[in-house]
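Reading through the structure tokens given below for one structure.
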Amino acid sequence: MSMIPLDNIQPDAVLPVFVVDLANLACMEAQASKICVAGCRLYAADLPMLHDIIGIRIPGRSQMIKGRVMASHGAWIEVSFEFDGEAPMERRDERRRPVKIPASISDRKWTIMVECTIIDASKKGCKIQGNELGRLPNDITLRIQGLDLPVRGKIVWRKDDLAGVELMWQFSRSPDARSAQYLD
Numbered sequence: 001m002s003m004i005p006l007d008n009i010q011p012d013a014v015l016p017v018f019v020v021d022l023a024n025l026a027c028m029e030a031q032a033s034k035i036c037v038a039g040c041r042l043y044a045a046d047l048p049m050l051h052d053i054i055g056i057r058i059p060g061r062s063q064m065i066k067g068r069v070m071a072s073h074g075a076w077i078e079v080s081f082e083f084d085g086e087a088p089m090e091r092r093d094e095r096r097r098p099v100k101i102p103a104s105i106s107d108r109k110w111t112i113m114v115e116c117t118i119i120d121a122s123k124k125g126c127k128i129q130g131n132e133l134g135r136l137p138n139d140i141t142l143r144i145q146g147l148d149l150p151v152r153g154k155i156v157w158r159k160d161d162l163a164g165v166e167l168m169w170q171f172s173r174s175p176d177a178r179s180a181q182y183l184d
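If you read the sequence shown in the UniProt record's numbering, its first letter stands for residue 1, the second for the next number, and so on.
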């Protein structure tokens with residue numbers, strides 16, 4: 001199937017999407033409308049307050065799209081898409097937020113699997129807690145409960161049953177989509 005640009009999605013299409021708040025790894029289902037290469041509008045029955053950078057999984061895409069929350073209007077949120085070809089985000093130290101999210105970690109070949117809990121998170125990393133973290137290599141794949149895409153990571157420190165993980169989010173590099181079911 002050929003790559004289909006986001007701006008070829010029907011203007012009146014409303015798609016089910018999956019949203020990850022990258023500040024605290026909170027996951028939610030939502031509806032997206034007004035989808036184009038510049039961004040979209042998100043709706044959900046109980047829309048929480050999202051932090052500034054989110055990941056959006058659109059049906060038929062192999063990677064999430066990075067988005068920046070531009071405005072919040074109660075029942076909906078306006079999102080601007082950011083692709084790798086654009087200027088990088090400002091690098092600065094980030095505050096970690098306490099969370100408690102079940103996850104599993106494996107090596108990149110999926111031969112070793114360890115259950116863990118993410119106990120704090122930021123956009124670029126998280127702290128995990130679990131038994132047998134020492135069995136894992138530094139290059140890992142993290143499966144977060146509620147997110148259907150694995151996230152690559154690198155263990156940067158370990159102590160007892162804790163480890164610090166740098167997250168390597170795989171965002172879409174272009175506005176091309178692979179789903180033909182929502183096209184003109």
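Ideal Cβ positions, reconstructed from N, Cα and C, are used throughout, including at glycine.
All values derive from a computational prediction rather than experimental measurement.
Judged by beta-carbon spacing, I54 lies within the 8 Å limit of L22, meaning their Cβ atoms are closer than that value.
For R61, the three-state secondary structure derived from DSSP is coil. Contact between Q129 and D107 is absent: CB atoms are separated by about 19 Å, not below the 8 Å threshold.
Only exposed fits G134, as fewer than 16 other CB atoms lie within 10 angstroms of its CB. For the pair L142 and R57, the CB atoms are not nearer than the 8 Å cut-off.
A residue is called buried when at least 16 other Cβ atoms come within 10 angstroms of its Cβ; G74 does not meet this threshold and is exposed.
The C-alpha of Q10 lies about 39 Å from the C-alpha of K154. Distance from the CA of M28 to the CA of A44, rounded to the nearest whole angstrom, comes to 9 Å.
Boundaries of the beta strand (DSSP E) around T117: 113-121. The beta-carbon distance between S80 and M70, rounded to whole angstroms, is 5 Å. This is short enough to meet the 8 Å contact definition.
If you draw a straight line from the Cα of K34 to the Cα of R41, it is about 6 Å long. Collapsing the DSSP output to three states places L133 in a helix.
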